[in-house]
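Numbered by the UniProt record's numbering, the letters in the sequence shown go through residues 1 to 94 in order.
Note sheet for the following structure.
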Amino acid sequence: MSDDDFELLISKCGVTRVKPYICTMPLRMDDGWNQIQFNLADFTKRAYGTNYVETLRVQVHANCRLRRIYFSDRLYSEEELPPEFKLYLPMQKS
């Protein structure tokens with residue numbers, strides 16, 4: 001997801017709130033499985049004007065199903081991911 005896409009999602013979906021210890025933002029999800037990637041260093045710099053150090057907690061509400069949450073040092077291509085981290089979409093029956 002590019003920076004332009006990220007800003008478009010926020011502007012179409014609602015309001016982002018930045019408070020001293022929490023930042024919340026709505027996201028638009030499509031039907032089916034979605035893959036979301038955050039650049040935490042960039043996000044922290046934009047929201048708080050400081051450098052990202054660590055994540056202490058991740059909160060997910062009960063109205064979604066997750067397959068996996070993971071952190072990485074960079075974005076990896078689909079070919080670089082181990083099989084258990086790949087998102088396989090259902091095949092269409094003909």
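We treat Cβ as the ideally placed atom computed from N, Cα and C, and that holds for glycine.
>> Just list the residues that DSSP pairs residue 95 with in beta bridges.
In response: One cannot answer for residue 95 here, as it falls past the ends of the chain, which runs 1 to 94.
>> Out of M25, G32, K19, which one is the CA nearest neighbour of L66?
In response: The candidate whose alpha carbon is nearest that of L66 is G32.
>> Going by beta-carbon coordinates alone, are R74 and F85 separated by less than 8 Å?
In response: Annotated as distal: R74 and F85, with beta-carbon spacing of 8 Å or more.
> Out of I36, Y21, E78, T16, which has the shortest C-alpha to C-alpha gap to residue 124?
Replying inline: Residue 124 lies beyond the range of the chain shown here (1 to 94); nothing can be said about it.
> From this set, M25, C64, L81, P82, which residue's C-alpha is nearest F43's C-alpha?
Replying inline: With distances taken between Cα atoms, F43 lies closest to M25.
> Alpha carbon to alpha carbon, how far is A15 from I36?
Replying inline: Going by the sequence as given, residue 15 is Val instead of Ala. Taking the straight line joining both Cα atoms gives about 18 Å.
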